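Encoded as structure tokens, the structure appears first; notes follow it.
Protein chains: 2
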Amino acid sequence: MENKGFFYSFLVLFFLGFQGCVDGRLLADSKPDRDAAAAYARWLVSQNSWGILNTISIELEGSPFGNVVSFSDGLPGKSTGVPYFYLTTLDPTARNALKDQRSSLTISEYPLRTCGNADPESPVCAKITLTGKLVLLEANSKEAEFAQTALFTKHPEMKVWPKGHDFRIFKLLIEDIFMINWFGGPKPLTVDQYLKYQMNRFAIDK
Amino acid sequence: MENKGFFYSFLVLFFLGFQGCVDGRLLADSKPDRDAAAAYARWLVSQNSWGILNTISIELEGSPFGNVVSFSDGLPGKSTGVPYFYLTTLDPTARNALKDQRSSLTISEYPLRTCGNADPESPVCAKITLTGKLVLLEANSKEAEFAQTALFTKHPEMKVWPKGHDFRIFKLLIEDIFMINWFGGPKPLTVDQYLKYQMNRFAIDK
Chain A
353 MENKGFFYSF LVLFFLGFQG CVDGRLLADS KPDRDAAAAY ARWLVSQNSW GILNTISIEL
413 EGSPFGNVVS FSDGLPGKST GVPYFYLTTL DPTARNALKD QRSSLTISEY PLRTCGNADP
473 ESPVCAKITL TGKLVLLEAN SKEAEFAQTA LFTKHPEMKV WPKGHDFRIF KLLIEDIFMI
533 NWFGGPKPLT VDQYLKYQMN RFAIDK
Chain B
353 MENKGFFYSF LVLFFLGFQG CVDGRLLADS KPDRDAAAAY ARWLVSQNSW GILNTISIEL
413 EGSPFGNVVS FSDGLPGKST GVPYFYLTTL DPTARNALKD QRSSLTISEY PLRTCGNADP
473 ESPVCAKITL TGKLVLLEAN SKEAEFAQTA LFTKHPEMKV WPKGHDFRIF KLLIEDIFMI
533 NWFGGPKPLT VDQYLKYQMN RFAIDK
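Chains A and B, in that order, are what the protein sequence lines are.
Convert by adding 352 to the 1-based position in the first sequence; the result is the number in our numbering.
Convert by adding 352 to the 1-based position in the second sequence; the result is the number in our numbering.
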């Protein structure tokens, strides 16, 4: 009987092991159909917690400069599709954006581990690039308060990041969406279709 | 005895489950000391299989455009630090680079799952941005042959990607390195120090 207990303990631990692969978060039961472009894009953005934020480099002769950042697009179950960021001006990204707002955020499905054995560059593993303007939010505005709550809820560690590091809240004003989630090239998807899509059919989308 | 067999089977499966988290690859036993900047940077690049490749967008008014790509910096155990790519001109990234070579490749330690519970934006989870020129290699040149072998070894799926899609081999000529792998800002690291670093102390760095 004792051995049986061990057996079941390991069965549980085994599956917990795999669950840990998904960034410690439960994913929505299944990803949207690949032909539902707005649903897929919103799922991809809401399920991910980080991406690469691109700006035009001041220091490197106008080169495109990508930086690893965390983001949130809303509270769990209430995502908006708009990515918010908590950036320090000690980093080039925030400084670049304050000079030239042109920016993009790129997110891969690969780290979610929901594309089977596909190569990260394969169109079977979805990728999305939201291009637009990286805008500083006015401190203490309603939107900044909302964004801070969304960010700190998804990234609790941010609450204790040093106040002296001049962290500020930015958002990406999306002007173009490039998403590939299957063969056949980028999926046609307007910003309006993306933003207006209702996420409520996903129980968990923090 | 049979139960014991089950017990050990699950013990093995349990650890295999966790191992699967590391992109199906075995990582080098331990990451380099965080103060060994060149070693750390080369480790980060060689251990990762994908990143975000950034170019200046032709179609989106010069915006910085990030794209999810796979790369390789050499054969297993013989990494060079130079990232090679297999890009189709059906994608904006290759087309952008053929017009304006300014580019950067951004890689995060986060998907390697070697930064504990740190947030993806935390300096405890390393990030590197290699900035330079994205250069098309001459077809059938020795370097192109070397790069193709390195790419196809790390990304076997590439071998069967459609020939009609005009895949070409590019490399990033690195001109600047921005790496954060701990508190205290970017680590001082020259391109020369990075490229000349000998990786042979890592047994596995494919």
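Positions of the beta carbon are idealized from the N, C-alpha and C atoms, including for glycine.
What you are looking at is a predicted structure, and each value in this text was computed from that prediction instead of being measured.
* Asked: Taking DSSP as the reference, what is the three-state secondary structure of MET531(B)?
  -> On the second sequence, position 179 is the one that residue 531(B) refers to. Strand at MET531(B).
* Inter-residue spacing [alpha-carbon to alpha-carbon] between TRP395(A) and ALA389(A) -> The count along the first sequence starts at 1 and reaches residue 395(A) at position 43. The count along the first sequence starts at 1 and reaches residue 389(A) at position 37. So the two alpha carbons sit approximately 10 Å from each other.
* Should ASN400(A) go down as buried or exposed, given a rule of 16 or more other Cβ atoms within 10 Å for buried? -> On the first sequence, residue 400(A) is found 48 positions in, with the first residue counted as 1. The residue in question, ASN400(A), is buried, as its Cβ has 16 or more Cβ neighbours within 10 Å.
* **Classification of LYS418(B) by the beta-carbon crowding that lies within 10 angstroms, buried from 16 upward** => Within the second sequence, residue 418(B) is the residue found at index 66, counting from 1. The sequence shown places Gly at residue 418(B), not Lys. Counting Cβ neighbours within 10 Å, GLY418(B) comes out buried, since at least 16 surround it.
* To do: Give a yes or no on contact between the stretch 407–427 of chain B and the stretch 406–423 of chain A, applying the rule of three or more CB pairs nearer than 8 Å.
  => They touch, by the three-pair rule.
* Asked: Cα separation between SER409(A) and ASN448(A)?
  -> As a first step, residue 409(A) must be located in the first sequence, where it is residue number 57. As a first step, residue 448(A) must be located in the first sequence, where it is residue number 96. For SER409(A) and ASN448(A), the distance between alpha carbons rounds to 6 Å.
* Proximity to SER456(B) [Cα-Cα], best of ASP443(B), PHE437(B) and MET551(B) -> Locating residue 456(B) in the second sequence gives position 104, counting from the first residue. Comparing alpha carbon positions, the residue from ASP443(B), PHE437(B) and MET551(B) closest to SER456(B) is PHE437(B).
* If you measure beta-carbon to beta-carbon, which residues of the stretch 479–502 of chain B are closer than 7 Å to chain C? -> Annotation note: the requested chain C is absent from the structure, which comprises protein chains A and B.
* Asked: Roughly how many whole angstroms lie between the Cα atoms of ARG377(B) and PRO428(B)?
  -> Start at 1 with the first residue of the second sequence, and residue 377(B) comes out as number 25. Start at 1 with the first residue of the second sequence, and residue 428(B) comes out as number 76. Confidence at ARG377(B) is low in this model, with a pLDDT of 45, below 50, so the placement of that residue should be treated as unreliable; the coordinate-derived value is given next. Taking the straight line joining both Cα atoms gives about 11 Å.
* To do: Report buried or exposed for HIS517(B), applying the criterion of at least 16 other Cβ atoms within 10 angstroms of its Cβ.
  => As a first step, residue 517(B) must be located in the second sequence, where it is residue number 165. So HIS517(B) counts as exposed.
* Asked: Is it true that the stretch 523–536 of chain A meets the stretch 472–486 of chain A, where meeting means three or more beta-carbon pairs spaced less than 8 Å apart?
  -> yes
* Apart from the five residues just before and just after VAL374(B), which ones in its own chain have a Cβ nearer than 7 Å to its Cβ? -> One-based indexing of the second sequence puts residue 374(B) at position 22. Caution is warranted here: a pLDDT of 30 is assigned to VAL374(B), below 50, making its placement in the model unreliable, and the coordinate value is therefore given only provisionally. Contacts found: LEU464 and ARG465.
* What is the DSSP secondary structure of PHE519(B), reduced to helix, strand or coil? -> For the purposes of this step, residue 519(B) is identified with residue 167 of the second sequence, where counting begins at 1. Taken through DSSP and simplified to helix, strand or coil, PHE519(B) comes out as strand.
* Is the shortest distance between the beta-carbon of GLY537(A) and the beta-carbons of chain B less than 8 Å? -> Position 185 of the first sequence, counted from the first residue, corresponds to residue 537(A). It does: the Cβ of GLY537(A) has a partner Cβ on chain B nearer than 8 Å.
* Using a threshold of 8 Å, state whether the C-beta atoms of LEU489(A) and LYS515(A) are closer than that. => Mapped onto the first sequence, residue 489(A) falls at position 137. Mapped onto the first sequence, residue 515(A) falls at position 163. No, Cβ-Cβ distance for LEU489(A) and LYS515(A) is not below 8 Å.
* Could you check where the alpha helix (DSSP H) with ASP544(A) kicks off and where it finishes? -> By 1-based counting over the first sequence, the position of residue 544(A) is 192. Residues 543–548.
* Asked: VAL543(B) to ALA496(A), Cα distance in whole Å?
  -> In the second sequence, the residue the question calls residue 543(B) occupies position 191. In the first sequence, the residue the question calls residue 496(A) occupies position 144. Going from the Cα of VAL543(B) to the Cα of ALA496(A) covers about 39 Å.
* **Run of the beta strand (DSSP E) containing THR407(B), from where it starts to where it stops** => For this step, residue 407(B) is matched to residue 55 along the second sequence. That run of the beta strand (DSSP E) goes 402–408.
* Compute the distance between the beta-carbons of ILE521(A) and GLN545(A), then report whether it is under 8 Å. => As a first step, residue 521(A) must be located in the first sequence, where it is residue number 169. As a first step, residue 545(A) must be located in the first sequence, where it is residue number 193. Going by C-beta atoms, ILE521(A) is not nearer than 8 Å to GLN545(A).
* Asked: Going by beta carbon distance, what residues of the same chain come within less than 8 Å of PRO540(A), once the five residues before and after it are set aside?
  -> For the purposes of this step, residue 540(A) is identified with residue 188 of the first sequence, where counting begins at 1. Around PRO540(A): ALA389.
* Nearest candidate by alpha-carbon position, reference ASN406(A), set ASP385(A), LEU503(A), LEU439(A) and SER431(A) -> Looking up residue 406(A) in the first sequence gives position 54. It is LEU439(A) whose Cα lies nearest to the Cα of ASN406(A).
* Going by DSSP, name the residue or residues bridged to PHE437(A). => Along the first sequence, read from residue 1 onward, the residue named residue 437(A) stands at position 85. Answer is PHE522(A).
* **Residues that DSSP places opposite LEU489(A) in a beta bridge** => Start at 1 with the first residue of the first sequence, and residue 489(A) comes out as number 137. Under DSSP, LEU489(A) takes part in no beta bridge, so it has no partner.
* **THR505(B): contacting residues in chain A (beta-carbon distance under 9 Å)** => In the second sequence, the residue the question calls residue 505(B) occupies position 153. Contact note: THR505(B) does not reach chain A at a C-beta cutoff of 9 Å; the least C-beta distance is about 13 Å.
* Contacting residues, own chain, Cβ-Cβ under 6 Å from TRP402(B) (five flanking each side not counted) -> Taking the first residue of the second sequence as position 1, residue 402(B) is located at position 50. Leaving aside the five residues that flank TRP402(B) on each side, the residues in its chain whose CB is nearer than 6 Å to its CB run, in chain order, SER422.
* Asked: How about PRO428(A): is its C-beta nearer than 8 Å to some C-beta of chain B?
  -> Residue 428(A) sits at position 76 when you count from the first residue of the first sequence. For PRO428(A), the answer is no, since every Cβ of chain B falls outside 8 Å of its Cβ.
* To do: Using a Cβ-Cβ cut-off of less than 8 Å, list which residues of the stretch 407–422 of chain A approach chain B; keep chain order.
  => Cβ contacts with chain B come from THR407, ILE408, SER409, LEU412, GLU413, GLY414, SER415, PRO416, PHE417, GLY418, ASN419, VAL420, VAL421 and SER422.
* In angstroms with no decimal places, state the Cα-to-Cα distance between GLY426(A) and VAL397(A). => The residue labelled residue 426(A) in the question sits at position 74 within the first sequence. The residue labelled residue 397(A) in the question sits at position 45 within the first sequence. Near 10 Å, if we compare the C-alpha coordinates of VAL397(A) and GLY426(A).
* Nearest neighbour of MET551(B), chosen from SER474(B), LYS383(B), ASP385(B) and ALA391(B) [CA to CA] -> Your numbering for residue 551(B) matches position 199 in the second sequence. Of the listed residues, the one whose Cα sits closest to MET551(B) is ALA391(B).
* Outcome for GLY433(A) when other beta-carbon atoms lying within 10 angstroms are tallied against a minimum of 16 -> Here residue 433(A) refers to the residue found at position 81 of the first sequence. The residue is buried, with at least 16 neighbouring Cβ atoms inside 10 Å.
* Terminal residues of the alpha helix (DSSP H) in which PRO444(A) lies -> By one-based count along the first sequence, residue 444(A) stands at place 92. Note, PRO444(A): alpha helix (DSSP H), 444–451.
* Specify the secondary structure class of THR466(B) as computed by DSSP and reduced to three states. => Counting from one through the second sequence, the residue named residue 466(B) turns up at place 114. Coil.
* To do: Answer with buried or exposed for GLU473(B), where buried requires no fewer than 16 other C-beta atoms within 10 angstroms of its C-beta.
  => Sequence index remark: in the second sequence, residue 473(B) carries index 121 (1-based). With 16 or more Cβ atoms within 10 Å of its Cβ, GLU473(B) is classed as buried.
* Based on the DSSP output, what are the partners of PRO416(A) in its beta bridges? -> Start at 1 with the first residue of the first sequence, and residue 416(A) comes out as number 64. Partner(s): ILE408(A).
* Determine the direct distance from the alpha carbon of LYS494(A) to that of LEU450(B), and round the result to whole angstroms. => Sequence index remark: in the second sequence, residue 450(B) carries index 98 (1-based). Sequence index remark: in the first sequence, residue 494(A) carries index 142 (1-based). Separation of LEU450(B) and LYS494(A) (C-alpha to C-alpha, rounded to the nearest whole angstrom) is 44 Å.
* To do: Label ALA491(A) either buried or exposed according to how many other C-beta atoms from any shown protein chain fall within 10 Å of its C-beta, with 16 as the threshold for buried.
  => Locating residue 491(A) in the first sequence gives position 139, where the first residue counts as 1. Classification of ALA491(A): exposed, given that the 10 Å Cβ count is below 16.
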